[in-house]
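Residue numbers (the working numbering): 35 to 339. From the three backbone atoms N, C-alpha and C, an ideal C-beta is built for every residue, glycine too.
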Amino acid sequence: MPFRARFDCLWCGRAHRTQSTDDLEGWAALCPDCIGRAGENGFLRARLRAALVERGSSTTDRPGPSARPTIESTHQPTTAEVDAEMKAYYAARAPEYDDVYLHRGQASSGPVLDLWFDREIDELATWLDGVPITGDIVELAAGTGWWSPLLADKGELSIYDINPEPLEIARQRLVAHRLRAHIHVRDAWAEPDRQVDAVFCGFWLSHVPRWRLDEFLGLVQRWLKRSGRFLFLDERARSGRDGADEAFDPATETSLRRLQDGREFRIPKVYYGAGQLRDGLIRAGFATADVRETERFFLMGAAQL
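Rendered as structure tokens:
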């Protein structure tokens with residue numbers, strides 16, 4: 035991340051102004067208070083380590099005897115650090131999340147692709163509405179609850195997300211539809227507290243690192259009663275003409291996300307193929323697994339124990 039003399043703190047959002055390019059805050063995009071808390075938070079530690087490397091590297095471009103050698107970073111983010119950065123990103127992004135569906139601002143891909151996107155979103159909704167699920171339904175990583183009203187109309191819905199900010203938007207959406215659900219802050223990776231009839235994930239599997247896919251699908255399997263169903267929607271890999279993720283790094287399977295206020299976060303982003311997910315579901319113990327692709331943008335899948 036480049037040095038910024040003025041910024042909103044990546045963690046708490048507070049505005050801060052640095053005194054000089056030597057100030058670590060400007061490299062980390064963290065205010066002094068949040069830098070002071072780095073010892074107790076994985077995301078803050080990761081940003082602090084990266085900032086030290088970036089500030090050290092930048093001095094090799096400065097003239098004079100005070101220039102220091104480049105510092106090579108050997109630190110690989112831990113799972114806790116990766117999870118913390120994604121949590122921070124989605125908490126900060128909550129007010130902007132629905133822009134993707136509404137094509138507001140930078141979320142628009144132009145009139146042609148936006149219309150195609152809407153058509154395929156309708157295709158997903160029709161497919162999901164047609165899957166016969168009833169009873170106790172859990173939605174993991176529910177975010178702002180775009181799909182929650184459809185699910186709440188089918189059974190007793192519990193929606194979980196690791197952040198309270200998007201859940202408040204989900205609550206308002208359900209109220210507007212005159213529907214009810216149990217809404218709780220809960221990590222998608224938390225072990226199940228009961229067995230249910232169906233589990234749904236909307237646009238979450240692509241944030242599960244490839245090496246953790248079996249772990250997560252095994253967790254979903256433990257959520258379900260015998261003959262329970264797992265349903266999911268997600269993005270598929272796209273070509274440049276279809277609005278590919280230009281910030282995607284295929285080497286690390288991460289994507290750099292920028293909010294409207296300029297804050298940047300790097301999060302896991304894996305574009306699974308339909309066959310890869312189907313194979314993973316069978317490995318996890320599902321008896322049947324049907325994963326389909328829309329023409330341009332999406333994946334939809336259903337598996338049953």
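Euclidean distance between Cα positions of residue i and residue j
i: Asp-133; j: Arg-89; result: 34 Å
i: Ile-171; j: Arg-260; result: 14 Å
i: Trp-223; j: Phe-332; result: 23 Å
i: Asp-295; j: Leu-64; result: 14 Å
i: Pro-302; j: Cys-43; result: 21 Å
i: Pro-198; j: Ala-125; result: 8 Å
i: Arg-326; j: Ala-271; result: 13 Å
i: Val-304; j: Leu-147; result: 22 Å
i: Lys-350; j: Asp-283; result: Examination of residue 350 is not possible in this model, given that the chain is present from 35 through 339 alone.
i: Lys-188; j: Trp-257; result: 18 Å
i: Ala-212; j: Ser-192; result: The question names Ala, but residue 212 in the sequence shown is Arg. Those two C-alpha atoms are separated by around 16 Å.
i: Thr-168; j: Leu-185; result: 9 Å
i: Thr-52; j: Arg-40; result: 6 Å
i: Glu-154; j: Glu-59; result: 43 Å
i: Leu-293; j: Ala-285; result: 23 Å
i: Cys-46; j: Pro-145; result: 36 Å
i: Glu-115; j: Pro-243; result: 13 Å
i: Pro-66; j: Asn-75; result: 14 Å
8 Å contact criterion, which residue i and residue j should meet: CB distance rounded
i: Ile-196; j: Asp-221; result: 5 Å
i: Gln-310; j: Thr-322; result: Between Thr-322 and Gln-310 the Cβ distance is about 17 Å, and since that is not below 8 Å, they are no contact.
i: Glu-157; j: Phe-234; result: The Cβ separation is near 17 Å, so there is no contact.
i: Trp-238; j: Ala-175; result: 4 Å
Beta-carbon proximity of residue i to residue j, cut-off 8 Å
i: Ala-281; j: Leu-267; result: no
i: Ser-182; j: Arg-214; result: no
i: Ala-336; j: Leu-251; result: no
i: Gly-236; j: Pro-200; result: no
i: Arg-79; j: Ala-62; result: no
i: Ala-128; j: Ile-203; result: yes
i: Asp-248; j: Arg-317; result: yes
i: Trp-161; j: Met-334; result: yes
i: Tyr-131; j: Phe-299; result: no
i: Gln-255; j: Gly-319; result: yes
Exposure of residue i, with buried meaning 16 or more beta-carbon neighbours within 10 Å
i: Arg-263; result: buried
i: Val-219; result: exposed
i: His-241; result: buried
i: Thr-108; result: Residue confidence for Thr-108 is low, a pLDDT of 48 falling below 50, so the modelled location carries little weight and cannot support an answer.
i: Asp-117; result: buried
i: Asp-231; result: buried
i: Pro-111; result: buried
i: Val-209; result: exposed
i: Leu-315; result: buried
i: Trp-245; result: exposed
i: Arg-48; result: exposed
i: Thr-288; result: buried
* Asked: For the segment 142 to 215, which segments carrying the beta strand (DSSP E) assignment without a break, of at least 3 residues, lie completely within its bounds, in sequence order?
  -> 170 to 174 and 190 to 195
* Asked: At what residue ranges does the segment 204 to 271 contain a whole run of the alpha helix (DSSP H), taking only runs of 4 or more?
  -> 247 to 257
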